[in-house]
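Each residue of the sequence shown is one higher than the last, beginning at 387 in our numbering. No residue lacks a Cβ here, since even glycine has one placed at the ideal position from N, Cα and C. Each remark here refers to the structure printed beneath this line.
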Amino acid sequence: MKTHKITQPLSSAGVHLVLGGYTLLALFPIILILINAFKSRAGIFDDPLALPNAETFFIGGFEKVLAKSHFMLYFGNSLTVTLISLALILLFGAMAAWALAEYKFRGNRLLALYLAIGIMVPIRLGTVSILELIVKLDLINTLTALILVYTAQGLPLAIMILSEFIAQIPKELKEAARCDGVGEFKIFFQIILPLIRPAVATVAVFTMIPVWNDLWFPLILAPGEETQTVTLGVQQFIGQYVTDWNSVLASLSLAVIPVLIMYMIFSRQLIRGLTSGAVK
């Protein structure tokens, strides 16, 4: 018994040590960017790991990014594309997951398998076909093109995750609502969606980050000055021979803010969504 009591705290301490180390490893790039964003160019190259001091403190990068570039336009474009894509993915993904999990019809499994292929096959393999389609629809250099592509990209994963959660909801709850004369839409929006909030938060976080950080499709589908996103707009500070590192780091520091805010908002639901399967 004594051995068990001693081993348990040690194992718990080991787990916390590993998790703490992984957390530091994951946060290190963000911390490094934030530290050097407030330093002069000389301070960055002399000692990138040092904190800003009286000699190295410099906010010229932020001044240039906010006052002398179109960063706020790029930021707004990224925010618009990400939020609209996220809303469409969550809405259509939840509705499709509800249909696959609740209604059994011929070809149900084949349709689920077809959607699962969208997770296994990277959407970038179809870049040429996507570009041809966007050109034919006259959507080149528009935010609509990015929204459509990101919605298609995020739907397979959203449907897979949400359908698993919806399948775990007791049938008695839905049947009781139907017996009371509640329509299918009300059952979906008033009963199903509130019960799968952890899964929705999980999908939201995992969907937002790839969309916000993507450079590939903005570079191909919307490279115009008025439609550039943050990741594409930052490239203007990176030259072939000279790179304005103060502006680059300042831009990246500002670009991280929405991701951190969203994670703080959905962190509790995200943890519940990731651990619910283990608890059950």
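Rounded to whole angstroms, what's the CA-CA distance from residue i to residue j? Just pull it up for me.
| i | j | result |
| --- | --- | --- |
| Leu511 | Leu517 | 11 Å |
| Ile533 | Ser397 | 46 Å |
| Leu432 | Ala641 | The sequence shown places Asp at residue 432, not Leu. Looking at the two C-alpha atoms, the distance is approximately 25 Å. |
| Phe491 | Tyr500 | 15 Å |
| Leu497 | Gly479 | 14 Å |
| Phe592 | Ala531 | 21 Å |
| Ile416 | Ser426 | 18 Å |
Return yes when the Cβ of residue j is within less than 8 Å of the Cβ of residue i, no when it is not.
| i | j | result |
| --- | --- | --- |
| Asn422 | Leu618 | no |
| Ile595 | Val645 | yes |
| Ile582 | Ala563 | no |
| Ile606 | Thr466 | no |
| Ser464 | Trp598 | yes |
| Gly610 | Asn527 | yes |
I need the DSSP call for residue i, collapsed to helix, strand or coil.
| i | result |
| --- | --- |
| Thr409 | helix |
| Ile445 | coil |
| Thr615 | coil |
| Ile624 | strand |
| Lys454 | coil |
| Lys490 | coil |
| Thr528 | coil |
Can you tell me which of the options puts its alpha carbon nearest to the alpha carbon of residue i?
| i | options | result |
| --- | --- | --- |
| Gly504 | Glu561, Ala453 and Gln539 | Gln539 |
| Val620 | Trp484, Leu465 and Ser637 | Ser637 |
| Ile552 | Ala563, Ala482, Leu523 and Ala412 | Ala482 |
| Glu488 | Arg427, Tyr460 and Ile545 | Ile545 |
| Leu601 | Ser426, Tyr536 and Leu579 | Tyr536 |
| Phe571 | Ile419, Leu459, Leu418 and Leu477 | Leu477 |
| Ile555 | Leu523, Ala585, Leu529 and Ile647 | Ala585 |
| Thr613 | Ala502, Thr629, Phe574 and Leu525 | Leu525 |
| Leu541 | Arg495, Ala590 and Glu558 | Ala590 |
Within 10 angstroms of the Cβ of residue i, are there 16 or more other Cβ atoms? Answer buried if so, exposed if not.
| i | result |
| --- | --- |
| Pro604 | buried |
| Ile624 | exposed |
| Gly400 | exposed |
| Leu410 | exposed |
| Ser515 | exposed |
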